[in-house]
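Here it is, written out as structure tokens:
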């Protein structure tokens, strides 16, 4: 109870689902040691943390930011550039973290302070503009970021797949890759639990008060400006940490894997599908979305080919795996409209949407 | 408050002309920096043409927000749809497009532009009814819904037309430039400026001289009061939304011809530019939007010429500078 900050899932189905996801993620290196399954599992872990940090903004303070991938990208690039420039050492990792996280926080502070001066309604638009400028910068400053190609790098000796700890543990080899996976898993879990702690603290209560009625929260004597900026910086730091984990897992950082607008849309979809304003929604949203992305897309390809062979017009194009976002977009609009509380809200039996 | 006799003219609001002169001041200030007079003229014409096109795309968005407090993140979709619809007319009639006759060229451009506006406007009707009507007054959901709409529209364009870039050559008689002395002015840029000025004048005329315009201006300032006086502001809003979408479609075909290509991602790319213009101008202000569009285009063109690296972030810097000066944009017209 203490570890959940006194905010249990409050639904038997939800608890079972969560436990199943967590146990499955923890056991993946032993159950499915293949590269694809490991990639999917680590992506779920990383995105669960990233989405949870976004939910701190969207679900708990009610602000829409399109700059979240920018912070994610800052984390990714910081560690990538450090490891690329300094060689594969632990010191480089430390430097990457020590530069990347404060940089993300500082930028979030800057955006926060600037958009405080202007109308609140500009926030979403300003973040969109800043994020797109950052994306252009990252792909143009090729001497630093490697441009469109990004930066590939080596991890320290201990974390490489070549480093074998246990040769044959019930038929599974435990190596540096397994260790990296567990670093990703536990770091993500720690971040999510930390965020759960934050939203259940008095500070988190004030954020919810701001979401429901900013004017009233201010009238009660809370400096909402301070709370919103602080939440922004916190979310940015967690997003950058998720970026660090992502780059470490992929051993690569580039515009497509860490900065693109498509990732921002993925995050939005995961938050809405999982359930806004619940940290558990982030875990479930990320798990459902990434599983679907990796395994349903193949199914779409099969359906598309079948439709093409049957000679149906239009359908092959609509069902092509590349058009996967089309169906997600429809699902997204439908879930904002019909299920604004997401999967978690459904399971908890909340039918009345929060406006 | 001073007492007014019934016959006295109503007190005029104070005129705020500084933003009007801003583009001119900027242009003059750039003259010594650019150095050569002929490149300065070329750059200025290029900025004016680009600014007019951006204005056409952004005008609908700013009115939609001003009138109904609706943030439409899917506005870029109308731009892309307009461009794609134009290819439906222009590509089959390629013979007319390539003919070296201004009249034949215009005879094919006009129906293309009309078709683009009609389809974008009709799409606007659907979007307003399906996506925006259910979430009036809820900014968060508006942003989410219209962002979803943008994804769906973009992907639908990919599915229907394929992911490749469609080349869209300029009509023959609009290619090339007028050469006056050592100054070259591209013909198409002149046409774009002309269309932009006509649209701007048209919008201003409707807003200033007609009853509908009066209602729109009143609605931007105080929606509830207009409703209280018995007007269907939602129907008015639907009209404005459709016209705004249609104008975005017109901007789409103009931009496609300017770049001589069409791609589904153009809606997404232009959204950012359009947002910056609308923010700079002040949400809801047509005049501010016009000036904002010119400023953005000028900074892009002069900046690209003087310091190419800076052009990447020049829009953001411009936005920051303007908002530091006037936090609500150049002209704050809404009372919210």
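Residue numbers (the numbering used here), protein chains in the order written: chain Z, 1 to 355; chain G, 356 to 691.
Quick reminder that beta carbons are idealized off the backbone N, C-alpha and C, glycines included.
For residue 623 of chain G, the chain Z residues whose Cβ falls inside 8 angstroms of its Cβ are 261, in order along the chain.
Judged by beta-carbon spacing, residue 515 of chain G lies within the 8 angstroms limit of residue 317 of chain Z, meaning their Cβ atoms are closer than that value. Within the stretch 61 to 95 of chain Z, those residues whose Cβ lies closer than 8 angstroms to any Cβ of chain G are, in chain order, 62, 64. Pairing residue 280 of chain Z with residue 25 of chain Z gives a Cβ-Cβ distance that is not under 8 angstroms. Counting C-beta pairs closer than 8 angstroms gives three or more between the stretch 239 to 255 of chain Z and the stretch 64 to 77 of chain Z, which meets the contact rule. Contact between the stretch 623 to 642 of chain G and the stretch 428 to 441 of chain G is present, with at least three C-beta pairs closer than 8 angstroms. When the five nearest sequence neighbours on each side are left out, the beta carbons in the same chain lying within less than 7 angstroms of the beta carbon of residue 404 of chain G are those of 544, 547, 548, in order along the chain. Excluding its 5 nearest sequence neighbours in each direction, residue 188 of chain Z has C-beta neighbours in its own chain below 8 angstroms: 45, 46, 48, 49, 242, 245, listed in chain order. Residue 565 of chain G counts as exposed, since fewer than 16 other C-beta atoms from the protein chains shown sit within 10 angstroms of its C-beta.
Going by C-alpha positions, residue 287 of chain Z is about 15 angstroms away from residue 184 of chain Z. The DSSP assignment places 532 to 535, 538 to 541 as complete runs of the beta strand (DSSP E) inside the stretch 528 to 559 of chain G, in order along the chain (cut-off: 3 residues). At least one CB atom of chain G sits nearer than 8 angstroms to the CB of residue 125 of chain Z. Collapsing the DSSP output to three states places residue 668 of chain G in coil. Residue-level contact by beta carbon holds for residue 515 of chain G and chain Z, with a gap shorter than 8 angstroms.
Using a CB distance below 8 angstroms, the part of the stretch 317 to 350 of chain Z facing chain G consists of 317, 318, 320, 322, 323, 325, 326, 328, 329, 330, 332, 333, 336, 337, 340, ordered along the chain. Against chain Z, the CB of residue 630 of chain G has a partner CB under 8 angstroms away; the residue lies at that interface. For the set G:425, G:528, G:684, G:476, the Cα lying nearest the Cα of residue 461 of chain G is the one of G:528. Bridge pairing for residue 169 of chain Z: Z:172 [DSSP]. For the pair residue 550 of chain G and residue 413 of chain G, the Cα-to-Cα distance works out to about 15 angstroms. Within the stretch 263 to 297 of chain Z, contact with chain G at the beta-carbon level (separation under 8 angstroms) is assigned to 265, 268, 272.
The way I'd put it, the stretch 608 to 625 of chain G doesn't touch the stretch 371 to 386 of chain G; fewer than three beta-carbon pairs between them come closer than 8 angstroms. Listed as beta-bridge partners of residue 88 of chain Z by DSSP are no residues whatsoever. The criterion of a C-beta distance shorter than 8 angstroms is satisfied by residue 59 of chain Z and residue 277 of chain Z. Among the residues facing chain G, residue 214 of chain Z is not included, as its CB has no counterpart in that chain under 8 angstroms away. Around the beta carbon of residue 537 of chain G, fewer than 16 other beta carbons sit within 10 angstroms, so the residue counts as exposed. Residue 299 of chain Z is positioned such that its CB atom lies no closer than 8 angstroms to that of residue 307 of chain Z. Contact between residue 396 of chain G and residue 487 of chain G fails: their C-beta atoms lie close to 43 angstroms from each other, not under 8 angstroms. Counted as a single uninterrupted DSSP element, the stretch harbouring residue 60 of chain Z is not any alpha helix (DSSP H), since DSSP gives it neither H nor E. Residue range 202 to 212 is occupied by the alpha helix (DSSP H) that includes residue 211 of chain Z. Only residues of its own chain outside the window of five on either side were considered, and among them 105, 108, 109 have a CB closer than 6 angstroms to the CB of residue 233 of chain Z, listed in chain order. For the 8 angstroms CB-CB criterion, residue 388 of chain G and residue 483 of chain G do not form a contact. Two segments are said to touch when three or more pairs of C-beta atoms, one from each, lie closer than 8 angstroms; by this definition the stretch 606 to 620 of chain G touches the stretch 433 to 444 of chain G. The closest CA to that of residue 343 of chain Z, considering only Z:291, Z:17, Z:30, is found on Z:17. Think of a sphere of 9 angstroms around the beta carbon of residue 466 of chain G: no beta carbon from chain Z falls inside it, the nearest being about 26 angstroms out.
According to the DSSP assignment, residue 619 of chain G belongs to no alpha helix (DSSP H), since it is labelled neither H nor E. Under the Cβ distance rule, residue 542 of chain G does not count among the residues neighbouring chain Z, no pair being separated by less than 8 angstroms.
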